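Notes for the one structure printed next.
2 protein chains.
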Amino acid sequence: MTLFDADASPSAEPAAAAPADGAAATVRMVVAYDGTDFSGFAPQPGQPGVRTVGGVLTEAVSKVVRAPVELTCAGRTDAGVHAWGQVVSFPVPAGAALDPGRLGSSVTSMLGPEVVVRSCEVVAGAFDARRDARWRRYRYTIVNRPVPDPFRDRYAWWVPEPLDLRVLRLAADPFVGEHDFASFCRRAAEGTTTVRRVLDSTWVDEGDGVLRYEIRATAFCWQMVRSIVGTLVEAGLGRRTAGEMLAILRARRRDAAGPVAPPRGLCLWEVGY
Amino acid sequence: MTLFDADASPSAEPAAAAPADGAAATVRMVVAYDGTDFSGFAPQPGQPGVRTVGGVLTEAVSKVVRAPVELTCAGRTDAGVHAWGQVVSFPVPAGAALDPGRLGSSVTSMLGPEVVVRSCEVVAGAFDARRDARWRRYRYTIVNRPVPDPFRDRYAWWVPEPLDLRVLRLAADPFVGEHDFASFCRRAAEGTTTVRRVLDSTWVDEGDGVLRYEIRATAFCWQMVRSIVGTLVEAGLGRRTAGEMLAILRARRRDAAGPVAPPRGLCLWEVGY
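Sequences listed follow chains A and B, in order.
Position 243 (the first sequence) corresponds to 243 in the numbering used here; numbering is contiguous.
Position 5 (the second sequence) corresponds to 5 in the numbering used here; numbering is contiguous.
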């Protein structure tokens with residue numbers, strides 16, 4: 001959808017940038033990135049040496065639209081975590097006449113292939129990538145073979161000891177539903193809830209020792225997916241039982257759960273609106 | 001096969017390292033590597049600043065077996081080219097008592113995950129990874145989408161313009177059989193032949209715009225696979241016809257063919273003995 005096309009109307013009045021109904025317009029981008037060399041998504045303006053996905057994206061977008069923008073994202077991924085379907089939004093700057101297709105390809109040619117814009121559109125109204133998201137889906141990939149895989153190393157956790165897929169699946173089931181995830185949450189801000197609703201929690205066997213955990217929830221706590229995966233893997237290795245999971249949830253203490261799985265295996269796959 | 005196990009017979013006499021029939025014994029390793037940060041496989045001892053897969057492997061193996069070794073490989077991959085099934089061999093050093101399983105895991109822990117030993121065994125007789133190979137299979141991966149893929153970038157060539165898979169397949173057919181590949185060979189040593197026998201030449205559609213070319217031949221000339229892929233892609237883009245391929249082969253001039261495809265997409269997949 002091209003509401004604002006610099007080519008089509010190079011001398012368009014600023015007023016033309018607003019939709020007919022007079023409401024604000026918002027840019028919505030789907031972004032993929034290799035998070036390996038980033039300190040996470042959230043821009044850290046106070047720390048100039050820290051490179052973040054949001055930081056480089058904000059800089060690139062501001063350069064293309066020639067106005068400062070402030071991005072909102074669906075999931076603030078941690079350092080080393082990847083995304084295939086991160087969603088980012090920002091209000092169309094007042095007076096800007098922009099062609100979303102060209103904005104997307106300009107940003108991709110500035111930041112790709114490390115960070116790419118898979119799609120870019122202008123939507124009418126005050127769309128907010130974070131607030132309006134109905135669910136987020138994460139994928140966590142494990143290479144379960146005696147020898148590491150040079151080609152998957154950046155995007156998977158290598159677990160050399162054999163995992164019992166049947167146990168992994170049994171242990172993944174109890175997470176579905178609404179629970180207090182305090183045991184799987186690194187730190188909750190004062191006065192906020194750690195109750196979340198998980199919609200799916202499944203393991204996919206990709207073959208050749210590649211196992212993929214998929215979890216979809218309305219929202220996630222900090223390090224929730226990696227804490228769940230770290231605990232599930234302990235069960236898959238026989239160090240915990242699948243039956244323990246519900247008790248760990250009920251304990252509401254971080255130390256009741258297992259360790260946090262490494263960031264390299266995690267990918268924000270898709271966001272639903 | 002564990003002919004020499006340091007654990008089982010820690011005080012074994014050197015003589016125990018030779019098989020019963022008195023013939024030489026050879027170590028045979030299957031090696032996978034991410035070639036991105038290497039100047040190819042072939043060690044370049046005269047140039048100390050040049051990092052090669054063969055160089056780091058020779059150093060690691062010599063350290064573990066505590067004797068200098070000289071490696072032979074099935075395919076001397078170029079700078080930036082990867083391998084999943086490279087085969088490497090070297091004679092068991094005189095007097096060495098080695099446990100091949102342990103040798104493999106030691107080398108992997110020294111060089112992995114960039115370079116890993118997928119299997120390691122000691123075979124009786126004078127096995128030679130290069131001379132004894134009956135065929136080599138290479139894979140070349142292309143991402144054919146408008147936007148590059150952050151997760152495949154190290155291992156695929158990004159071609160944004162749409163490729164016609166039907167034309168790619170038609171154009172791949174004429175390479176099967178015995179031909180003079182001078183048009184697809186960077187430079188042949190004086191007095192050597194550029195005639196090679198191709199056994200398979202096919203395209204696999206992996207879905208989501210990922211296309212894979214597979215070629216199996218008894219042996220390859222220098223840059224042969226990448227020259228073929230570069231020429232096939234020109235056909236797939238409509239800049240050449242599939243029918244031209246046989247004429248290009250017959251021309252026996254390098255400039256009759258298309259450009260060399262980038263190394264990142266190429267992987268030595270398997271070697272047959």
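Even glycine gets a Cβ: it sits at the ideal position worked out from N, Cα and C.
Small disclaimer: the values here were computed from a predicted structure and weren't measured.
Check, Outcome
"Reference B/GLU161, options B/ALA235, B/LEU103, B/PHE127, closest by Cα", "B/ALA235"
"Cα-Cα separation, B/TYR273 to B/ALA217", "12 Å"
"CB-CB length for B/CYS267 against B/MET224, believed under 8 Å", "Their Cβ separation, rounded to whole angstroms, is 15 Å, which puts B/CYS267 and B/MET224 out of contact at 8 Å."
"Separation of A/ALA79 from A/ASP94, as counted between CA atoms", "According to the sequence shown, residue 94 of chain A is Ala rather than Asp. The straight-line gap from Cα to Cα measures roughly 33 Å."
"Contact check, B/GLN271 vs B/ALA74, beta carbons under 9 Å", "In the sequence under discussion, the amino acid at residue 271 of chain B is Val, which differs from the Gln named in the question. Contact flag set, yes."
"The segment 51-58 of chain B contacting the segment 23-39 of chain B, beta-carbon criterion three pairs below 8 Å", "yes"
"Own chain partners of B/ALA247 with C-beta closer than 6 Å, once the 5 adjacent residues on each side are dropped", "none"
"Alpha helix (DSSP H) segment containing B/VAL225, residue limits", "224-236"
"Counterpart residues of B/GLU59 in DSSP-defined beta bridges", "Answer is none; B/GLU59 lacks a bridge partner."
"Inter-residue CB distance, B/GLY209 and B/ARG134 (contact presumed, cutoff 8 Å)", "Not a contact, Cβ separation roughly 34 Å."
"Limits of the beta strand (DSSP E) - the one that B/THR202 falls within", "195-207"
"Contact set between the segment 156-168 of chain A and chain B, restricted to residues whose Cβ is under 9 Å from the partner", "TRP158"
"Reduced DSSP category for A/THR36 - H, G, I as helix; E, B as strand; rest coil", "helix"
"9 Å Cβ cutoff, A/THR2 in contact with chain B", "For A/THR2, the predicted structure reports a pLDDT of 33, less than 50, and the residue's modelled location is therefore unreliable. A value from the coordinates is still provided. No, its Cβ sits nowhere closer than 9 Å to a Cβ of chain B."
"Boundaries of the alpha helix (DSSP H) in which A/LEU111 is found, first to last residue", "100-111"
"Residue-level contact to chain B via CB, A/ASP34, 9 Å cutoff", "yes"
"C-beta neighbour in chain B for A/PRO148, strict 9 Å", "yes"
"Closer than 7 Å at the beta carbon, the chain B residues around A/VAL116", "VAL147, PRO148, PRO150"
"C-beta contact flag for B/VAL65 and B/ALA96 at 9 Å", "yes"
"Identity of the residues DSSP links to B/THR52 by a beta bridge", "DSSP lists no partner for B/THR52."
"CA-to-CA distance, B/ASP34 to B/GLY197, given in whole angstroms", "Note on residue identity: the sequence assigns Arg, not Gly, to residue 197 of chain B. Taking the straight line joining both Cα atoms gives about 28 Å."
"For B/GLY265, the three-state DSSP class (helix, strand or coil)", "helix"
"Per DSSP, the bridge partner or partners of A/PRO91", "A/THR26"
"Member of B/LEU111, B/VAL61, B/VAL50, B/TRP158 whose CA lies at the smallest distance from the CA of B/PHE90", "B/VAL61"
"Cβ-based burial, B/ASP99 [other Cβ within 10 Å; buried from 16]", "buried"
"Short CB-CB distance (under 9 Å) between A/ASP37 and chain B", "no"
"Residues in the segment 96-122 of chain B having any Cβ partner in chain A nearer than 9 Å", "GLY104, SER105, THR108, GLY112, PRO113, GLU114, VAL115, VAL116, VAL117, ARG118, SER119"
"Through-space distance from B/SER183 to B/GLY258, alpha-carbon basis", "9 Å"
"Uninterrupted beta strand (DSSP E) stretches inside the segment 129-161 of chain B (no shorter than 3 residues)", "135-143"
"Short Cβ contact (9 Å threshold) for A/PHE151 with B/TRP84", "yes"
"Separation of B/ALA129 from A/THR77, as counted between CA atoms", "46 Å"
"Inter-residue Cα distance where the pair is A/PHE127 and B/PRO43", "57 Å"
"A/THR72 and A/ARG131 closer than 9 Å at C-beta", "yes"
"Neighbourhood of B/THR231 by C-beta distance below 6 Å, restricted to the same chain and skipping five residues each side", "ALA257, GLY258"
"CB contact below 9 Å: A/ARG139 versus chain B", "no"
"Separation of B/GLN86 from B/GLY101, as counted between CA atoms", "17 Å"
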